[in-house]
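Each remark here refers to the structure printed beneath this line.
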Amino acid sequence: MADSVVYDRYILARHLRELGVEPGDVLVVHSSFRAVGPVEGGPTALILALMDAVGPEGTLVMPSMTDRDDELFDPKRTPCRHLGIVPDTFWRMPGVLRSDSPHSFAAYGPHAARITAPHRPDFPHGPDSPVGRVCDLDGKVLLLGVDHTENTTVHLAEALAGVPYRVPKYCTVLRDGLPVRVDFGEIDHCCRNFALVGEWLNRRGLERRGEVGSARARLVRARDVVATVVEELRDDPLRFLCPRGAGCSSCDEAWASVG
Ligand SMILES: [Zn+2]
Numbered sequence: 037m038a039d040s041v042v043y044d045r046y047i048l049a050r051h052l053r054e055l056g057v058e059p060g061d062v063l064v065v066h067s068s069f070r071a072v073g074p075v076e077g078g079p080t081a082l083i084l085a086l087m088d089a090v091g092p093e094g095t096l097v098m099p100s101m102t103d104r105d106d107e108l109f110d111p112k113r114t115p116c117r118h119l120g121i122v123p124d125t126f127w128r129m130p131g132v133l134r135s136d137s138p139h140s141f142a143a144y145g146p147h148a149a150r151i152t153a154p155h156r157p158d159f160p161h162g163p164d165s166p167v168g169r170v171c172d173l174d175g176k177v178l179l180l181g182v183d184h185t186e187n188t189t190v191h192l193a194e195a196l197a198g199v200p201y202r203v204p205k206y207c208t209v210l211r212d213g214l215p216v217r218v219d220f221g222e223i224d225h226c227c228r229n230f231a232l233v234g235e236w237l238n239r240r241g242l243e244r245r246g247e248v249g250s251a252r253a254r255l256v257r258a259r260d261v262v263a264t265v266v267e268e269l270r271d272d273p274l275r276f277l278c279p280r281g282a283g284c285s286s287c288d289e290a291w292a293s294v295g
């Protein structure tokens with residue numbers, strides 16, 4: 037066994053600055069806490085390090101959606117454990133705002149209210165969604181121990197690239213005091229090929245790579261993700277899908293919607 041290293045808030049904040057996180061950044065974070073390694077103070081200390089790195093002028097953003105299509109979303113109660121311990125800790129922290137949507141995001145800082153303002157339940161990651169608003173604000177995406185398969189901004193980019201596939205989904209929202217089922221077509225598939233986005237960005241010199249704690253970390257401007265994906269999908273808008281009939285049921289569902 038190697039010597040066990042324990043990171044603290046201050047070391048992690050330094051790593052984040054070295055990676056390129058700057059004061060005033062609007063930063064969307066997708067993370068694997070396990071990949072970061074042992075942190076003194078746990079996930080809360082990692083979140084405080086992220087807050088330190090963007091500073092009081094910066095805004096921290098994390099996904100906060102439910103994985104229960106059939107349950108009413110309650111921004112004060114509904115957990116998001118499937119996204120990991122960091123996002124499920126973040127929305128519970130004092131001062132953090134959480135959008136009231138099954139496709140919720142949570143945010144802290146000067147732009148938090150704008151980012152978490154009401155958004156359409158039937159177009160989860162479109163231009164007027166939390167990730168769309170982060171892009172408008174020229175924000176950045178930080179991938180902490182995860183790759184672009186977890187990067188929701190790629191779905192925004194697919195929408196803007198005009199991909200033709202829509203997979204039938206539904207969610208439950210409150211209308212006139214009653215839970216109502218909303219059916220919609222979501223831009224979705226297995227997302228395995230989102231790993232390509234890292235190569236495309238790297239080739240263009242647009243992705244900063246480093247380490248935060250023990251985690252491999254990537255930092256990129258949201259607008260660069262969108263511009264790069266739009267460019268790469270121009271000739272083949274179906275590029276993200278696994279080959280038809282290759283055994284990927286999620287992608288076959290997306291193919292079926294194309295006809
Ligand atoms: Zn697939």
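37 is the number of the first residue of the sequence shown in my numbering; add one for each residue after it. Glycine is no exception: its CB is placed at the ideal position from the N, C-alpha and C atoms.
Around the Cβ of LEU210, a 10 Å sphere holds fewer than 16 other Cβ atoms; the residue is exposed. Between the alpha carbons of ASP105 and ALA153 lies a gap of roughly 21 angstroms. The three-state reading of DSSP puts PRO157 in coil, since its state is none of H, G, I, E or B. When DSSP states are grouped into helix, strand and coil, GLU186 belongs to the helix group. PRO204 is bridged by DSSP to GLY221.
With contact defined as three or more Cβ pairs closer than 8 angstroms, the stretch 273-291 and the stretch 228-237 are in contact. Cβ contact annotation for LEU108 (same chain, cutoff 7 angstroms, sequence separation greater than five): THR208, LEU210 and PRO215, in chain order. In this structure, DSSP gives SER140 a state outside helix and strand, which the three-state scheme calls coil.
Note on the stretch 59-143: whole alpha helix (DSSP H) runs with a minimum of 4 residues are 69-72, 78-90 and 121-126, in chain order. Beta-carbon to beta-carbon, SER68 and VAL199 are separated by about 27 angstroms, too far to satisfy the 8 angstroms threshold. When only Cα atoms are considered, HIS66 and HIS225 end up about 19 angstroms apart. Under the DSSP assignment, LEU55 falls in the alpha helix (DSSP H) whose first and last residues are 45-55. Boundaries of the alpha helix (DSSP H) around VAL262: 258-269.
One thing to note: ALA197 has its Cβ no nearer than 8 angstroms to the Cβ of VAL261. Within a 10 Å sphere around the beta-carbon of HIS147 sit 16 or more other beta-carbons, which makes this residue buried. Relative to the non-hydrogen atoms of ligand 1, the Cβ of SER286 comes within a distance shorter than 7 angstroms of at least one. Inter-residue distance for ARG244 and GLY213 is about 46 angstroms (C-alpha atoms, whole angstroms). When the Cα atoms are used, ARG280 and ILE223 turn out to be separated by approximately 17 angstroms. Counting the other CB atoms within 10 Å of its CB gives VAL42 a total below 16, which places it among the exposed residues. If the five residues before and after ASP88 are omitted, its C-beta is found closer than 6 angstroms to the C-beta atoms of ALA49, all from its own chain and listed in chain order.
Ligand 1 approaches HIS225 closely enough that one of its heavy atoms is under 7 angstroms from the residue's Cβ. In this structure, the straight-line span from the alpha carbon of ASP136 to that of ARG217 is close to 15 angstroms. Annotation for ARG228 indicates a beta carbon within 7 angstroms of some heavy atom of ligand 1.
The beta carbons of THR188 and VAL167 sit about 5 angstroms from each other, so the pair counts as a contact at 8 angstroms.
Bridge partners of ARG244 according to DSSP: LEU255. DSSP places ARG280 in the coil class of the three-state scheme, outside both helix and strand. One thing to note: ALA282 has its Cβ no nearer than 8 angstroms to the Cβ of TYR201.
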